[in-house]
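I have placed the structure first, in the form of structure tokens, so that the comments after it can refer back to it.
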Amino acid sequence: MAMPQNSTRENGFCFTQPLNFSCPSPRPGRAGRTLGTVSGGDGCSTPVSNGIASSGAPSPSDSCAEPLCSPAPAEEETPFEEGIKYVSAEGEELACGWGAFTPGCLQLCNTSKGVLFFLCVASFLQGMTVNGFINTVITSIERRFDLRSYQSGLIASSYDIAACVCLTFVSYFGGNGHKPRWLGWGVLVMGLGSLLFALPHFTTGRYEARSAAEVGVCGGNQSLPCSQAASSLSGYRFVFMLGQFLHGMGATPLYTLGVTYLDENVKTNYSPVYIAVFYTAAILGPAAGYLVGGMFLNIYTEIGREIDIAPENTLWVGAWWIGFLGAGAASLLISIPILGYPQRLPGSQRYIVMRVSEAHQIKDGSHKKASDPDFGKTVKDLPRSVLLLLKNPTFIFLCLAGATEATLIAGMSTFGPKFLESQFSLSASEAATFFGYLVVPAGGGGTFLGGFLVNKFKLRCSGIIKLCLLCTVSSLLAIFIFFIHCPNMPMAGVTQMYSGSALPGGHLNLTAACNAQCGCLQEAYSPVCGTDGIMYYSPCHAGCKRVSENLRNGKKVYHECSCVDKALLPGPGDAEPGKCTSSCAKRPLLLCFMFVVILFTFLSSIPALTATLRCVSDRQRSFALGIQWIVVRTLGGIPGPIAFGSMIDKSCLLWQDQCGEQGSCYVYQNSAMSRYTLVAGLVYKVLGTTFFIVACLLYKPPPPESAPGSSDASENGTSDLQEHKPSLPAEEDI
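Going left to right, the sequence shown walks through residues 1 to 734 as the UniProt record's numbering numbers them.
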């Protein structure tokens, strides 16, 4: 007899046509069952039969060893060994291509590894742009467009603001839609954001850095009139914010739909490794951004123009905009192949059949609502979806733990180069390169190692949370390294008196007897390093009388500096442009423990993400990631850079003075910067540790008897195949 079946699952496969079961005379000892034609809406049909031993049914992995539906004609299909064939219910095209254009050569990439490659390139570009280039050039942008740290922090936070606005919409509807199309259009929008971010360079006038020669020496100091010196370039911060907003919109599908698309199309055991590779690319992106961005900063922003100041000079602005042009063009190109992928890869059905549920069990059983085949397809189900997640305490506390980690990551990634620049008296390009050397092995290695450990030890959800807890405690202990700091390089009139004594009350006093007759102006900041190892505000403030035309070590040399003590000999000394080199003995120790903090922070990232995917129902995975990212960005990503920027502003010793208006910060107090970093790190690491402990204690796994295709698995959208007996109609009804 014909029995109508309607067993739509999370994967979107169903039997919409009648299944005809015929009963030939059984063979001895066996229940002979011949299934008629199994037909799906996509036209895939084949006669299938199944000889099932009376002792039980074959395992799902036996019946799903090959791709479940091939786009080839039905008559060319090879029956599976066990004779069961799953077909797409909606006639969806599983070939890779754009519309009707699906050449055979493209099908070589129509695999999980092909998807992983293109998504890794996209995440690499996103990380390189948003977390690499922007953080590298933030000091140069502040200098070029007269921004304060909290304003640059707001630019960095615009990315997360956009993500919060778009996450609910993208994760809810994209999770039930065509994920590769959402991903492709997102990468394209991200590329447009990069091009927009570079636009201010081409719409503003030339950068006029007043070089040491223009600033002048003692008695010849010159400065632009205030009407010319003052500018309104800070208004360009809104263009940068819009570019970051587009970055956030475009990257929203990448880390929600991209992760679930990978998870749906690979084996459960391999999923953490695939996701780890994906996130490792996202971590290597910022590292490459720091290194490449640092190289670009050694090129003067006005390419081709001769300039007599070196990159070490604090007035130097590098070619910050080149990286954004390249990354924008690459994002536009990589979006094309991503748009060509099908809604699900050929053969992905077998992985869903084999999946075992680890979803948190809610006491009132409301998690079973997710087993409804039509759940989550309309806006009316949105409140119910949110409520189901809010009833899951493990998910909630994993989100809160992620928010605490995101605050530190966002704050330190934005201002980490500036921290190194101040502590070790480096140029902006040198600091970016140093930070890149830390992030490449620590961030990238920690991210991949986290996914590898989950796969190696076959950790279940509870074990994964305990691994996250161990990593957080380890980084908490290492963060105490910020008790130490490198002392500020002595700067006359800023960190000490010209006589070498401490400044009374910490107030600036740039005038001394040695430069009182020079008529120096505070607007003309061009630091020089004297032969006595002390920095001076400018050649004029050092009392230098003349500058040599011959270059020594690639720098101009100022002579007869009355404020500089000449070593061993009486009389005025010399000075060179730029900061004095720091010889901080604590540098290796500080860098080593910063490496440990970054390593263990990123080591917990993939396990925490895997735990989030496993503690919710399969049908809610994309939406759960979307909600998690909203929490992480609202409580972590957005306030992180703003809070760290304000904190760093508090440790500023010397502000830019533009005709009485405060600009960006020139010199920071290293001890205060380390102290604020330590306090912030302790607070958020302790909170993260607490949240992971609570998530572990409140997690309630499914009953031990749950197996692939069991009732638990069914609730998560998997097949109803069971290990002990086939889910076929009773024999008397066949």
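Note that CB positions come from ideal geometry on N, CA and C, so glycine has one too. The model shown is predicted, which means the values in this text are computed figures rather than measured ones.
Asked	Found
Buried versus exposed, by CB contacts within 10 Å (16 or more), G519	exposed
Environment of A72 [buried if 16+ CB atoms lie within 10 Å]	Annotation note: pLDDT 43 at A72 (below 50); position unreliable, coordinate value reported separately. With fewer than 16 Cβ atoms within 10 Å of its Cβ, A72 is classed as exposed.
Beta-carbon proximity check, F692 vs C461, cutoff 8 Å	no
Cβ pair V616, A608 closer than 8 Å	no
Minimum C-alpha distance to P588 - residue among F424, A611 and S671	F424
One or two residues paired with D657 in a DSSP bridge	Q662
Beta-carbon spacing of C486, K566 below 8 Å	no
Of the listed residues C529, Y537, I299 and A524, nearest to L510 (C-alpha basis)	Y537
Stretch pair the stretch 448-463 + the stretch 162-170: three plus CB contacts closer than 8 Å	no
Length of the line joining the Cα atoms of V454 and S271	10 Å
Beta-carbon proximity of Q343 to K179, cut-off 8 Å	yes
Beta-carbon contacts of G645 that lie in its chain and below 6 Å, excluding the five residues immediately before and after	S149, Y150 and G153
Beta-carbon proximity list for residue 735, same chain, < 6 Å, skipping 5 on both sides	Nothing can be reported for residue 735, as the shown portion of the chain is limited to 1 through 734.
Nearest to V239 (by Cα), restricted to the options T256, Y159 and A401	Y159
Contacting residues, own chain, Cβ-Cβ under 8 Å from A327 (five flanking each side not counted)	L125, M128, T129, F133, G191 and S194
Same chain only: Cβ atoms within 8 Å of A319, ignoring 5 sequence neighbours per side	F296, L297, I299, Y300, T301 and I303
Sufficient close CB pairs (3 or more, under 8 Å) joining the stretch 492-502 to the stretch 435-444	no
Continuous beta strand (DSSP E) stretch holding Y498: start and end	Y498 -> no beta strand (DSSP E), and no H or E assigned at all.
Neighbour-count burial assignment, T280, 16 or more Cβ in a 10 Å radius	buried
As assigned by DSSP and simplified to three states, the class of W98	strand
Per-residue burial, M491 [other beta carbons within 10 Å of its own, 16 or more giving buried]	buried
Option nearest residue 807 by Cα separation, candidates V217, S123 and C164	Coverage of the chain is limited to positions 1 through 734, which leaves residue 807 absent and any answer about it impossible.
Reduced DSSP secondary structure (H/G/I, E/B, other) of E77	Residue confidence is low: E77 scores 40 on pLDDT, short of 50, so the model does not pin down where it sits. No coordinate-derived value is stated.
Beta-carbon proximity check, S526 vs T260, cutoff 8 Å	no
Residues that E576 bridges to, as DSSP identifies them	C529
Enclosing beta strand (DSSP E) for Y558 [first to last residue]	Y558 to D565
Contacts around A288, its chain only, beta-carbon distance under 7 Å, and the 5 residues preceding and following it disregarded	M128 and G132
CA-to-CA distance, S674 to M647, given in whole angstroms	10 Å
Delimiting residues of the alpha helix (DSSP H) encompassing G153	S149 to G175
With 16 other Cβ atoms within 10 Å as the buried cut-off, status of R305	exposed
First and last residue of the uninterrupted alpha helix (DSSP H) at I606	S605 to R614
Where the alpha helix (DSSP H) through P180 begins and ends	K179 to T203
Whether S651 touches A672 by CB criterion (8 Å)	yes
Contact check, K685 vs S548, beta carbons under 8 Å	no
Sequence-distant residues of the same chain with beta carbon closer than 8 Å to Q662, five excluded per side	R148, W655 and Q656
Residues bridged to residue 753 [DSSP beta-bridge criterion]	Only positions 1 to 734 of the chain appear in the structure, and residue 753 is not among them; the question remains open.
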